[in-house]
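Asker:
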Amino acid sequence: MQSYIEQGFHHIRVQISTPGYATYGNKSAKTGNQTVNNKDPLVGPIPITQRIKNYDDKKLYAHPGGVFEPKPYMKSAISLFEYIRNRFGYGVEILHDVHERIPPILGVWFAKEVEKYQLFFLEDLFSPEDNQYFKMVRNQTSTPIAMGELYSSPHEIIPMLQDRLIDFIRIHISDIGGISPARKIAAMGEIMGIRTAWHGPGDTSPVGHAANLALDISTYNFGIQEYSIFGENTKEVFPGCPEVKEGMMWPNSKPGLGIDIDEKLAKKFPFKEREYGGAWDTVRRADGSVVKP
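What follows is the structure in structure tokens.
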């Protein structure tokens, strides 16, 4: 975190790895689970009891995606916020992504508990089908809420804006139809006092990030922009990638979105086949039930 502050970043997303459990958003954590030897299909998965120290391809893991439990995670996250505020004070803004992984009523409790740490926002507290729980959060805490990367329909988005149940709209603009629908949603958010925070993770292409930036600089109620730092190969394939200087994204003066793609050069970097096609595997509770998403 100190490194990001020294680079000029004023808003930093902080995630936590919970010892012995699967995690989200923390690349330093290695998912670990209890093992089942010999890959015997008749031997069922068993609950997690410890983290694997050395991964062994010859062993079958009870839950390949890891085991996640809400209460240990929440305890770890609250400890992290406490440490950050004691270590860095309140001069830096912190953000945290729950990723819809905890039961809704625990999400309400969690939002209340973190209020004293003054997060810039708490992200993805509930899944879209649990939108009604945001009313409970609003009635009990002033923790700023960000939501939207899983939204794909106006029927999910508009009620959240109308009732001011969120503070930042986090939609993925290609999921809702592109720049034009996103501009309309941003305009509605402006009327309701809701700022933008377009979804921009590492698996969004540089073209997607350029589109986000184009919206950002033309939106009155811009809030913050998620961005991934790309490597040199990616920058060569996509000339015109948005640049980050001192914690800020900068556009260029090229036409349109200011970005292009070199298809001939891209052929030098073929997609590497990965397990699940690069998608996430299934994370489960200790009793085997699926954790969503």
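Per our numbering, the very first residue in the sequence shown carries number -17; after that it's consecutive.
For each residue, glycine too, the CB sits at the ideal point set by N, CA and C.
Could you tell me the alpha carbon to alpha carbon distance between Ala93 and Phe204, rounded to whole angstroms?
Answerer: Approximately 24 angstroms, taken between the alpha carbons.
Asker: Under the DSSP definition of a beta bridge, which residues are partnered with Ala268?
Answerer: According to DSSP, which records beta bridges pairwise, Ala268 is partnered with nothing at all.
Asker: When DSSP labels each residue in this structure, what does Ile243 get in the three-state scheme?
Answerer: In the three-state reduction of the DSSP assignment, Ile243 falls in the coil class, being assigned neither a helical nor a strand state.
Asker: Can you name, in chain order, every residue of its own chain whose Cβ lies under 7 angstroms from the Cβ of Tyr65, other than the five neighbours on each side?
Answerer: none
Asker: Return the residue from the list Met56, Glu218, Gly130 and Glu214 that minimises the CA-CA distance to Ile176.
Answerer: Gly130
Asker: If you check the beta carbons only, do Met174 and Gln144 fall under 8 angstroms apart?
Answerer: Result yes, Cβ atoms of Met174 and Gln144 sit closer than 8 angstroms.
Asker: Could you tell me the distance, in whole angstroms, from the CA atom of Arg(-5) to the CA atom of Val80?
Answerer: If you draw a straight line from the Cα of Arg(-5) to the Cα of Val80, it comes to about 11 angstroms.
Asker: Enumerate in chain order the residues of its own chain whose CB-to-CB distance from Ile(-2) is below 6 angstroms, with the five nearest sequence positions on each side excluded.
Answerer: Ser58, Ala59 and Leu62
Asker: Assuming Trp285 is part of the beta strand (DSSP E), what are its boundary residues?
Answerer: Here the chain covers residues -17 to 275 and nothing more, so residue 285 does not appear.
Asker: Considering only the beta carbon of each residue, do Leu88 and Phe116 sit closer than 8 angstroms?
Answerer: no
Asker: Grab me the residues of Lys274's own chain with a C-beta within less than 8 angstroms of its C-beta, minus the 5 sequence neighbours each way, in chain order.
Answerer: Glu82, Arg83 and Ser109
Asker: Alpha carbon to alpha carbon, how far is Gln(-16) from Met230?
Answerer: 17 angstroms
Asker: Can we count His181 as close to the ligand MN, meaning its CB is less than 7 angstroms from some heavy atom?
Answerer: With respect to small molecules bound, the structure shown includes none, and the ligand MN cannot be examined in it.
Asker: Which of the three DSSP states is assigned to Asp22 in this structure?
Answerer: Because the pLDDT at Asp22 is just 42, under 50, the model does not fix this residue reliably, and the value given afterwards should be weighed accordingly. Asp22: coil per DSSP, three-state reduction.
Asker: To which residues does DSSP link Arg(-5) through a beta bridge?
Answerer: DSSP output for Arg(-5) lists Leu77 as bridge partner(s).
Asker: Let's see if you can read the secondary structure: which residues bound the alpha helix (DSSP H) around Glu218?
Answerer: Taken as a continuous stretch (DSSP letters only), the alpha helix (DSSP H) holding Glu218 covers Glu214 to Val219.
Asker: Do the CB positions of Asn194 and Ile155 come within less than 8 angstroms of each other?
Answerer: yes
Asker: Output the boundary residues of the beta strand (DSSP E) element that contains Lys57.
Answerer: Taken as a continuous stretch (DSSP letters only), Lys57 belongs to no beta strand (DSSP E), being part of the alpha helix (DSSP H) at Pro52 to Phe70.
Asker: According to DSSP, simplified to helix, strand and coil, what is Glu(-12)?
Answerer: helix
Asker: For Asp198, which residues of its own chain have a beta-carbon under 8 angstroms away from its beta-carbon, when the five flanking residues on both sides are left out?
Answerer: Thr178, Trp180, Phe204, Gln207 and Met231
Asker: Considering only the beta carbon of each residue, do Thr125 and Leu101 sit closer than 8 angstroms?
Answerer: yes
Asker: Assuming Val74 and His(-8) make a contact with CB atoms under 8 angstroms, what is their CB distance in whole Å?
Answerer: 7 angstroms
Asker: Excluding the 5 residues flanking Gly71 on each side, which residues of the same chain have their C-beta closer than 6 angstroms to its C-beta?
Answerer: none
Asker: Looking at chain C, is there any beta carbon in it that lies within less than 8 angstroms of the beta carbon of Ile139?
Answerer: Any reference to chain C falls outside this structure, which holds one protein chain only.
Asker: Assuming the contact rule is C-beta atoms closer than 8 angstroms, Leu104 and Val96 should be a hit. Round their C-beta distance to whole Å, please.
Answerer: 6 angstroms
Asker: Suppose you measure from the CA of Tyr55 to the CA of His78; what does that come to, to the nearest Å?
Answerer: Our two residues, Tyr55 and His78, have alpha carbons roughly 12 angstroms apart in a direct line.
Asker: Does DSSP put Ala179 in a helix, in a strand, or in coil?
Answerer: coil
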